[in-house]
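*Asks:* One structure is given below, represented as C-alpha cells, and several questions about it will come after.
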Amino acid sequence: MSNHRPIIDDIHRQGWSVTRDYLSSAESHGLSDEVRAAWQEGEFRRAGVGRGKDLKIREDVRKDHVMWLQESEITNCQNAYLKRLDRLRQDINQSLFLGLLDFEGHFAIYPEGAFYKPHLDRHRLSMDRLMTVILYLNPDWQPGDGGELKIRTTPGCEDGPFELIEPRLGTMVCFLSGDFWHEVLPAKKTRASITGWFRGRP
C-alpha cells in the first residue's frame, strides 16, 4: 500500500489527488502509442451526454471522442494499468471503506478546439460512479497547448477556488465523482487520456 499512501491521504483530507509519473515512462508511452494508433484507425466515437436511451451528442457541452475499454480486447499495456488500478481500489477500500467494486473506463481524445464544459461525473444517470480516475497520455505537452483540467476544490461548489492540472504524460488525477465540479479547457493540440470510474452500488 505504501506507493498509494499519498493518494489515499489526499482523498481522505481533501477528496482529490494528483500524482506525477504514476506509471513508469515505458508504461505511459506504451499506452500513449496505443491511444494514438486507435485514433488513427478510426476506433473512436463522438462522446455524448447521458446514458442509454438518454444519450445525446451535445457539441455545446463536450467535443471529445472516446473508445471504451473492452475486456475481450484488452492489450498487455492496458491490462497492466488496470491491475495497478485494482490494487489502488483495494488499498482505498481498506483505508477509507468507500465500497469501490470495479472500474469502467475509456480512452479519450480531445482534438484541437475540443473542450468539456463544467460538470459532475456522478448524477442521476450515473449514481454508481464513486471515484473518477484520469491518466494523461501526452508526452509532448507544453504550456500553451491547452486541454488542462480545471477542478473546483471546494466540494459541491461550481465556482470558487480551483486547481489547474496540466495533462502531462503519466500524471494521474483522482477525485470523488459526486463532489467536484470540473471542466476540460479547450485543447490547442490533440490531447489524450484514459478516463474512468471506480464504481459502487448506486
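Numbering (the UniProt record's numbering), first residue to last: 1 to 202.
In this text, a Cβ means the ideal position worked out from N, Cα and C, and glycines have one as well.
Only a predicted model underlies this, so the values are computations on that prediction, with no experimental measurement involved.
V66 and F44 look like a contact to me (Cβ under 8 angstroms); what is the Cβ gap, rounded to whole Å?
*Replies:* 6 angstroms
*Asks:* Looking at the structure shown, is L85 part of a helix, part of a strand, or coil, going by DSSP?
*Replies:* helix
*Asks:* If you run the structure through DSSP and keep just helix, strand and coil, what is L135?
*Replies:* strand
*Asks:* Taking the alpha carbon of E104 as the reference point, which residue from V173, H182 and I194 has its own alpha carbon closest?
*Replies:* Checking every option, the nearest Cα to that of E104 belongs to I194.
*Asks:* Return yes when the Cβ of F115 is within less than 9 angstroms of the Cβ of L55, no when it is not.
*Replies:* no
*Asks:* Could you name the residues that DSSP lists as bridge partners for W197?
*Replies:* E104 and T132
*Asks:* Are the Cβ atoms of P118 and H182 separated by less than 9 angstroms?
*Replies:* Cβ atoms of P118 and H182: closer than 9 angstroms.
*Asks:* If G113 sits next to K63, beta carbons under 8 angstroms apart, how far is it from one beta carbon to the other, in whole angstroms?
*Replies:* 7 angstroms
*Asks:* Throw me the rounded Cβ distance for the E163 and T171 pair, which I believe falls under 8 angstroms.
*Replies:* Between E163 and T171 a beta carbon distance of about 12 angstroms is seen, past the 8 angstroms cut, so the two are scored as non-contacting.
*Asks:* If you draw a straight line from the alpha carbon of Q90 to that of E166, how long is it in whole angstroms?
*Replies:* Here the C-alpha atom of Q90 lies approximately 27 angstroms from the C-alpha atom of E166.
*Asks:* Going by beta-carbon coordinates alone, are D121 and P155 separated by less than 9 angstroms?
*Replies:* D121 is not a Cβ neighbour of P155, given a cutoff of 9 angstroms.
*Asks:* Does G196 pass the burial test, meaning 16 or more other C-beta atoms within 10 Å, or should it be called exposed?
*Replies:* With 16 or more other Cβ atoms within 10 Å, it is buried.
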